[in-house]
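In UniProt numbering, the protein residues as written are 1 to 717. For glycine and all other residues, C-beta sits at the position ideal for the given N, C-alpha and C. Each remark here refers to the structure printed beneath this line.
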């Protein structure tokens, strides 16, 4: 049995708009991280569990990336090729690809392969293969021609067999297909001609392969919509030149024969294969999993926005370009059995997928002689199942039908009853469908705004932004700060643009409106209204990590900044925002996940007075952190000192040229400047003390050479 789970959008940025579409998705040296190469100029490193980019690199304007970026598993570095001949190698700390290592080769590259256990392998368009180290030692070395004229490489893959890499690539010439197998253990290159069957058309649209100890199982999806298999030996008995392999039929008509694009396939395990493409001529594209052992369709998921005809899989995740966005669809394949293939096993399934055994005529498919299936009996079984399901609609369908016509109060009552029922495995998708129906009715009937029901659904902790993106858009339109706070606290995949839009609302909403709004005030009351004013008044200078800044300790600090320490203390003696606004900023915004690269452009759109207000609040939080030895704020889930400082830096990076011109922000900027200067002085003093401690450590190591009693005088300069 196999199942496709609910997918999620990995990239919030449209991909595949370049001339070559999306070039590839490759595994990084971390299990949960993947390199995504756009067909234009960009490589992005994503962490799937966080659904966030970790880094992005682009080549210069006028340069084009020509093959997918890969990770060198031996060094952890990244490799990409642009303009067919130029290799770029960099690591995660590098920012500008123009300044990283560069090597220009003498021949055009088709693909760079990288796999655990060996160095990266470079396949050239003329069929030659080189190890990366040999190429870097002599980049301009002559590359031989392996394939004949007019022969074009169509597909390639690398495997590890007995701890040695084996590379296969498929070529096409005048409608004929050839397979080349390069074994590096014996340093041999074998060529095979793929013989086409009598019933199939000559055009092959896609390839995939798996390997065992002796054979490479090469599967191909032809233009007639059928999947064929060819077994290619890894090691040949002799240097035969005209070797041939025959392709046999595996699955018949898995996609429409009229589909000229948008089709792909991938081997998931020994008995399961994933197929991407429209099952019927007039139908939308689908992602399906087939059981090749029992010739049955296990599950399928419709993709209404279309795909690019590209499919990648790593671990238990399938990667596709759904519309313009990279989507991850988790899948599960159980051990193949006849009961599972026929849908007899108990298995949870999402409503968006369809799991029904699709029977194939085994006699005409492979000629195994099992006999034809009793199709009439199968139809009766399926018809009876369909009738049984329709007699008792599930509670979720009943609730969805009520949403279309009932009142807000009645829907709220029925929703409470539904949430009290024991959760099913597809609970998160059902909740997503309910939210979608509520928002659709709100769009059709603007007065209908079931706020209480939406809050209940958010508090189930199963929703995400990618599952219901319209929810936060509606909340922003309604200036519903309570719902926005809940979403920011619950959703792990909120785009930076939405986070910044929420920040604008939190800073601009009036105090009168906030007083009438119910907001989660967790831990805010612990410090916002109880500032120790007497302690601040008694201070003659601002304490920095327990260090009292004195003019004698830092001669190069600006004297003007030290003239009014009392004014600075008065400025930070009370919270600059009301408790409810502080709760929104502290408990929602500061805890939001973000990428600096995507957040900075949106921060520039915030009005200067709101930026100043947010900076004053962050400065207040920073002072509160410095009041205790633990350097933390009170409360259950307080923002860390690093989070506060990161947001201060982000706001200043995005708006410094504007804020510096505002008279109201002058004192704040001077105070921040004084903090930085004082920290520099502290580091300078600590560096001096470090030298003395090193000398003490050396003396301590000589203790064993002294008597039991001694008097020592140590002079520290």
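Report task. Measure the C-alpha to C-alpha separation of residue 268 and residue 4 and round it to an integer number of angstroms. Result -> What you label residue 268 is simply residue 268 of the chain shown in a count that begins at 1. What you label residue 4 is simply residue 4 of the chain shown in a count that begins at 1. Taking the straight line from one Cα to the other gives about 12 Å.
Report task. Determine, using beta carbons only, whether residue 72 and residue 120 come nearer to each other than 8 Å. Result -> To locate residue 72, count along the chain shown from 1; it is residue 72. To locate residue 120, count along the chain shown from 1; it is residue 120. Their beta carbons are under 8 Å apart, which means residue 72 touches residue 120 by this criterion.
Query - Assigned secondary structure, residue 610 (DSSP; H/G/I helix, E/B strand, else coil) - result: Taking the first residue of the chain shown as 1, we reach residue 610 at position 610. Three-state result, residue 610: helix.
Query raised in the report: Going along the chain, which residues of its own chain have a beta-carbon closer than 6 Å to the beta-carbon of residue 467, five neighbours each way excluded?
Result: For the purposes of this step, residue 467 is taken as residue 467 along the chain shown, with counting starting at 1. Closer than 6 Å at Cβ, skipping near neighbours: 432.
**Report entry** Three CB pairs or more closer than 8 Å across the region 491-504 and the region 604-612
**Finding:** yes
Query raised in the report: In the DSSP assignment, what residue or residues form a beta bridge with residue 649?
Result: Along the chain shown, one-based indexing puts residue 649 at 649. Answer by DSSP bridge pairing: none, since residue 649 is not bridged.
Requested in this report: Can you tell me which of the three DSSP states residue 98 falls into?
Outcome: Position 98 of the chain shown, counted from the start, is the residue given in the question as residue 98. Correct three-state label for residue 98: helix.
**Report entry** Proximity test, residue 93 beta-carbon vs the ligand FMN heavy atom, cut-off 7 Å
**Finding:** Because no ligand of any kind appears in the structure shown, any question about the ligand FMN cannot be addressed here.
**Report entry** Own chain partners of residue 457 with C-beta closer than 7 Å, once the 5 adjacent residues on each side are dropped
**Finding:** Residue 457 sits at position 457 when you count from the first residue of the chain shown. Closer than 7 Å at the Cβ level, and outside the excluded window around residue 457, lie 431, 434, 435, 463.
Query raised in the report: So, residue 173 versus residue 151, is the Cβ gap smaller than 8 Å?
Result: Translated into the one-based positions of the chain shown, residue 173 becomes position 173. Translated into the one-based positions of the chain shown, residue 151 becomes position 151. A contact, by the Cβ cut-off of 8 Å.
Query raised in the report: According to the neighbour-count rule (16 or more other Cβ atoms, all chains shown, within 10 Å of its Cβ), is residue 515 buried or exposed?
Result: What you label residue 515 is simply residue 515 of the chain shown in a count that begins at 1. Counting Cβ neighbours within 10 Å, residue 515 comes out exposed, since fewer than 16 surround it.
Query raised in the report: At a Cβ threshold of 8 Å, is residue 670 touching chain B?
Result: Absent from the structure: chain B. Only one protein chain is present.
Report task. Measure how close the beta-carbons of residue 577 and residue 613 come, nearest whole angstrom, since I'm counting them as under 8 Å. Result -> If you number the chain shown from 1, residue 577 lands on position 577. If you number the chain shown from 1, residue 613 lands on position 613. About 7 Å separates the two Cβ atoms, so the contact holds.
Requested in this report: Provide the residue span of the beta strand (DSSP E) that contains residue 252, from first to last.
Outcome: Start at 1 with the first residue of the chain shown, and residue 252 comes out as number 252. Run containing residue 252: none; DSSP gives neither H nor E here.
Query raised in the report: Can you give the Cα-Cα distance for residue 32 and residue 25, rounded to whole angstroms?
Result: On the chain shown, position 32 is the one that residue 32 refers to. On the chain shown, position 25 is the one that residue 25 refers to. Going by the C-alpha atoms only, they are around 12 Å apart.
Query raised in the report: According to DSSP, what are the bridge partners of residue 67?
Result: The count along the chain shown starts at 1 and reaches residue 67 at position 67. Answer by DSSP bridge pairing, in chain order: 81.
Query - Classification of residue 117 by the beta-carbon crowding that lies within 10 angstroms, buried from 16 upward - result: Looking up residue 117 in the chain shown gives position 117. Per the 10 Å Cβ criterion, exposed.
Query raised in the report: What does DSSP give as the partner residues of residue 40 in its beta bridges?
Result: Counted from its first residue, the chain shown places residue 40 at position 40. In the DSSP output, where bridge partners are listed per residue, residue 40 has none listed.
Report task. Identify, in the order they occur along the chain, each residue of the same chain with its Cβ nearer than 7 Å to the Cβ of residue 647, setting aside the five sequence neighbours on each side. Result -> On the chain shown, residue 647 is found 647 positions in, with the first residue counted as 1. 590, 618.
Report task. Taking only the alpha-carbon atoms, compute the straight-line gap between residue 180 and residue 191 and give it to the nearest angstrom. Result -> Reading the chain shown from its first residue, position 180 is the one you call residue 180. Reading the chain shown from its first residue, position 191 is the one you call residue 191. Taking the straight line from one Cα to the other gives about 5 Å.
Query raised in the report: Which whole runs of the beta strand (DSSP E) in the region 92-175 are 3 residues long or more, in chain order?
Result: 101-104, 109-113, 121-124, 129-131, 152-161, 164-173
**Report entry** N-terminal and C-terminal residue of the beta strand (DSSP E) that residue 593 is part of
**Finding:** Within the chain shown, numbered from 1, the residue matching residue 593 stands at position 593. Unbroken run through residue 593: none, as it is neither H nor E.
Query raised in the report: Between which two residues does the beta strand (DSSP E) carrying residue 319 extend?
Result: Reading the chain shown from its first residue, position 319 is the one you call residue 319. 317-322 is the extent of the beta strand (DSSP E) around residue 319.
Query - Identity of the residues DSSP links to residue 302 by a beta bridge - result: Residue 302 sits at position 302 when you count from the first residue of the chain shown. Answer by DSSP bridge pairing, in chain order: 286.
Query raised in the report: Is the CB-CB distance between residue 103 and residue 123 below 8 Å?
Result: The residue labelled residue 103 in the question sits at position 103 within the chain shown. The residue labelled residue 123 in the question sits at position 123 within the chain shown. No, the Cβ-Cβ distance between residue 103 and residue 123 is not below 8 Å.
Query raised in the report: Would you call residue 485 buried or exposed, if buried means 16 or more other Cβ atoms sit within 10 Å of its Cβ?
Result: As a first step, residue 485 is located in the chain shown; it is residue number 485 there, counting from the start. When all chains shown are included, residue 485 counts as buried.
Report task. Put residue 711 into one of helix, strand or coil per three-state DSSP. Result -> Within the chain shown, numbered from 1, the residue matching residue 711 stands at position 711. Of the three classes helix, strand and coil, the one that applies to residue 711 here is coil, per DSSP.
Query raised in the report: Are residue 450 and residue 411 touching if we call contact CB-CB under 8 Å?
Result: Taking the first residue of the chain shown as position 1, residue 450 is located at position 450. Taking the first residue of the chain shown as position 1, residue 411 is located at position 411. Contact: yes.
Query raised in the report: Is DSSP giving residue 178 helix, strand or coil here?
Result: By 1-based counting over the chain shown, the position of residue 178 is 178. Strand.
Query raised in the report: Since residue 52 is in the beta strand (DSSP E), which residue starts that stretch and which ends it?
Result: Along the chain shown, one-based indexing puts residue 52 at 52. Taken as a continuous stretch (DSSP letters only), the beta strand (DSSP E) holding residue 52 covers 52-58.
**Report entry** 8 Å CB neighbourhood of residue 8 in its chain, flanking five on each side removed
**Finding:** As a working mapping, residue 8 is identified with position 8 in the chain shown. Correct list, in chain order: 51, 327, 328, 464, 466, 467, 493.
Query raised in the report: What's the C-alpha gap between residue 53 and residue 35?
Result: As a first step, residue 53 is located in the chain shown; it is residue number 53 there, counting from the start. As a first step, residue 35 is located in the chain shown; it is residue number 35 there, counting from the start. Roughly 10 Å between the two C-alpha positions.
Query raised in the report: Could you check where the beta strand (DSSP E) with residue 332 kicks off and where it finishes?
Result: Taking the first residue of the chain shown as position 1, residue 332 is located at position 332. Taken as a continuous stretch (DSSP letters only), the beta strand (DSSP E) holding residue 332 covers 325-333.
Query - residue 10 vs residue 48 beta-carbon contact at 8 Å - result: As a first step, residue 10 must be located in the chain shown, where it is residue number 10. As a first step, residue 48 must be located in the chain shown, where it is residue number 48. Closer than 8 Å, so yes.
Query raised in the report: If you draw a straight line from the C-alpha of residue 353 to the C-alpha of residue 111, how long is it?
Result: The residue given as residue 353 occupies position 353 in the chain shown. The residue given as residue 111 occupies position 111 in the chain shown. In this prediction, residue 353 has a pLDDT of 47, which is less than 50 and means its spatial position is unreliable; what the coordinates show is noted afterwards. Spanning the two alpha carbons is a distance of roughly 35 Å.
**Report entry** Straight-line gap, residue 216 to residue 643 (C-alpha atoms, nearest Å)
**Finding:** As a first step, residue 216 must be located in the chain shown, where it is residue number 216. As a first step, residue 643 must be located in the chain shown, where it is residue number 643. Using only the alpha carbons, I get a separation of about 51 Å.
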